[in-house]
Ligand SMILES: Nc1ncnc2c1ncn2[C@@H]1O[C@H](COP(=O)(O)OP(=O)(O)O)[C@@H](O)[C@H]1O
Ligand SMILES: [Mg+2]
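Chains as they are written, first to last, in full-length UniProt numbering: chain A, 1 to 295; chain B, 1 to 228.
So this is what it looks like as structure tokens:
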């Protein structure tokens, strides 16, 4: 392909884009919006996942035992719990230790507990850490069924809510993305069809002059790719700049909320958006071009 | 160069435009294709150019079966043939120079080759003074000269012209005929569909006469019509 031909492709593609004005703009807009949603969803999911991970070490299951479990029974249980798949650590907390812990937690107001030493209402318990937060609910219900177990507690809510949020973001983001992605494809393909129509004379002339299919088609493919690229570039910039400023602002306002700040990840996400944008543009124009340009 | 064997063309609407046409055009010939409107002249041209496929029969160009060409071979067939049409088919937003250069761009020629070759052919058709003009600023005859320049710029082995003087006055037509004759004398085969009786009668070339999709007369040094 000569330099001359390359210049020709670019010139023709840009001419078409400006000639199509509003439709080009609409195509770029849809690509931008759909990729924005994709980018935001990906970052949301990524942060939620990172957050769950950080909870993973923190979320513990407390297994309270019935009164009257013997020392041997407790030892056996501890062994069994340790062997359970998905369990990271098991720690036994006797009722006395539990009372002591409570007393420490109460601090100044520990006098409430006065007199309880003789008649401790607290049960013996195991503190269990799971390897993965995802496994916590399943492990808990599994332990509930064990003999001598009275009650099982864990940071119910947080983990489940977080998992639900991730699922929901994935689903909603994914669904919206697909719908808008299809809309972007259709709009680009319509735009390109308009370009083809505006230049049908020229296409006819190119054909009788012996242009290859590829030569005739390429400017239109390029046009679609440029539309996708511009849309993706806008979306990527908004995602990138928006996220960086969000990270900075949150650092001031809510210093304990930690977002994923890895530049590399952010660059991968925006790079991915660019790639998808260009592919969507190429596909959209390929639909029309294949349909309307035959030898 | 062109070999047709029992070629028929029936369009999807049932019109039989060509009916069992057999003919040979040899290299270097100048052939007039005459006959009333609707006789099938354009259809015959389209089959050679592979714009249409024959419904029956074989059509060969340089020994190759035209209908059997693969998609990517079709452009190469077309590059061997320069086309000239009655309605010019120039790009209205491009100058004479650019229209001719376009034919070279389309086949992937480089900038330098274009700069050398385009002025040369424009001079050959007598338009060296008008290279920068838009088609709308040129007379019909001049526009057709641009088309001829465009047709020969890539050195085709054959020129096919479909009623090239259909929209032009007799004097202008003659000027163009001389141009075609000149191109033919350098070895380029020419096939021309035309209604220009006087030109055909005077030029004494091979005449293929068509009526209702059939070749009814094939005469070396012939005239437009034997009647009256
Ligand atoms: N694409 C087409 N579809 C249907 N009929 C056609 C088509 N092209 C030409 N015809 C018909 O075929 C016949 C021959 O047409 P054409 O080859 O253009 O003749 P000519 O060029 O000699 O005037 C005419 O009756 C015309 O109406
Ligand atoms: Mg005709």
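Built from N, CA and C at the ideal position, the CB exists for glycine as well. Note that this is a predicted model, so its numbers are computed, not measured.
One alpha carbon belongs to residue 163(A), the other to residue 265(A), and they sit about 21 Å apart. Contact annotation: residue 107(B) and residue 7(A) have beta-carbon atoms that are not nearer than 7 Å.
Residues of the region 197-215 of chain A that bring their beta carbon within less than 8 Å of a beta carbon in chain B comprise 201, 202, 204, 205, 206, 207, 208, 209, 210, 211, 212, 213 and 215, in sequence order. DSSP, read as helix, strand or coil, puts residue 91(A) in strand.
For the region 92-118 of chain B, the residues whose beta carbon sits under 8 Å from a beta carbon of chain A are, in order, 102, 103, 105, 106, 107, 108, 109, 110, 111 and 114. DSSP, reduced to helix, strand and coil, places residue 162(B) within a strand of the structure shown. For residue 57(B), the secondary structure class from DSSP, reduced to helix, strand or coil, is strand. Sequence-ordered contacts of the region 15-47 of chain A with chain B are nonexistent [C-beta pairs closer than 9 Å]. DSSP places residue 209(B) within a strand segment (E or B) once states are collapsed to three. Residue pairing by DSSP places residue 191(B) opposite 31(B) and 160(B) in a beta bridge. The beta carbon of residue 127(B) sits closer than 8 Å to the beta carbons of 96, 142, 145, 146 and 149 from its chain, once the five residues preceding and following it are set aside; these are given in chain order. Judged by their CB atoms, residue 60(A) and residue 127(A) are nearer to each other than the 7 Å cut-off. Relative to residue 130(A), the option among 81(A), 161(A) and 177(A) whose CA is nearest is 81(A). The bridge partners DSSP lists for residue 115(B) come to none. Nearest neighbour of residue 13(A) by Cα position, chosen from 216(A), 161(A) and 235(A), turns out to be 216(A).
Restricting attention to 130(B), 140(B), 225(B) and 81(B), the CA atom closest to the CA of residue 202(B) is found in 225(B). Taking the Cα of residue 28(B) as reference, the smallest distance to any Cα among 121(B), 167(B) and 156(B) is reached at 156(B). Residue 51(B) has its alpha-carbon roughly 10 Å from the corresponding atom of residue 74(B).
Rounded to whole angstroms, the separation of the alpha carbons of residue 219(A) and residue 10(A) is 7 Å. Per the Cβ contact rule, the region 164-173 of chain A is in contact with the region 37-53 of chain A (3 or more Cβ pairs under 8 Å). The C-alpha of residue 7(B) lies about 58 Å from the C-alpha of residue 38(A).
Here the alpha carbons of residue 169(B) and residue 105(B) stand approximately 32 Å from one another. With contacts defined by Cβ atoms closer than 7 Å, residue 1(B) and residue 189(B) form a contacting pair. For residue 42(B), the Cβ falls inside the 6 Å cut-off from some heavy atom of ligand 2. Against chain B, the beta carbon of residue 5(A) has neighbours under 8 Å at 105 and 108, listed in chain order. Looking at the backbone, the Cα of residue 185(B) and that of residue 30(B) are separated by about 9 Å.
When Cβ-Cβ separations below 7 Å define contact, residue 83(B) makes contact with chain A. Contact of residue 8(A) with chain B is assigned, a C-beta pair being separated by under 7 Å. Contiguous alpha helix (DSSP H) elements confined to the region 100-154 of chain B occur at 111-124 and 140-152, taking only those with 4 or more residues. Taking a contact to require three or more Cβ pairs closer than 8 Å, the region 284-291 of chain A and the region 14-28 of chain B do not qualify as touching. Contact note: residue 89(B) reaches chain A through 201, 204, 205 and 208, using a C-beta cutoff of 8 Å and chain order.
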